[in-house]
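Undergrad:
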Amino acid sequence: MQTPGLVDLQVNGFAGVDYNTPSLTPEQLHHSLEAMLATGVTTCLPTVITATEARLTACFSAF
């Protein structure tokens, strides 16, 4: 039986990867998204918590 992919509207991280880490790399992000896809989530909204502009900028660089 097939069903539509799941949607996760708030993801702070997955598979041991924390999106709130300034040293987050594109490879880590890719790993977490691939792991999420394997669970049936096809769409997500990655989120970070409130922080300084510098910290947020560092976190966003992986995206």
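Residues in the sequence shown are numbered from 4 upward in steps of one, following the working numbering. Idealized CB from N, CA, C, for every residue including glycine.
Secondary structure at F66, three-state DSSP: helix, strand or coil?
TA: By 1-based counting over the sequence shown, the position of residue 66 is 63. Three-state result, F66: coil.
Undergrad: Return the CA-CA distance between L12 and T42, expressed in angstroms with no decimal places.
TA: As a working mapping, residue 12 is identified with position 9 in the sequence shown. As a working mapping, residue 42 is identified with position 39 in the sequence shown. Cα to Cα, L12 sits roughly 15 Å from T42.
Undergrad: What does DSSP give as the partner residues of G16 in its beta bridges?
TA: Counting from 1 along the sequence shown, the entry for residue 16 is found at position 13. Checking the DSSP bridge columns, you'll see G16 partnered with D21.
Undergrad: Count the other C-beta atoms from every protein chain shown that fall within 10 angstroms of the C-beta of P29, then say buried if there are 16 or more, exposed otherwise.
TA: In the sequence shown, counting from the first residue as 1, residue 29 sits at position 26. Under this definition P29 is an exposed residue.
Undergrad: Just to confirm before moving on: does the CB-CB distance between V14 and T46 stay below 8 Å?
TA: Indexing the sequence shown from 1 puts residue 14 at position 11. Indexing the sequence shown from 1 puts residue 46 at position 43. Taking 8 Å as the Cβ cut-off, V14 and T46 do not qualify as a contacting pair.
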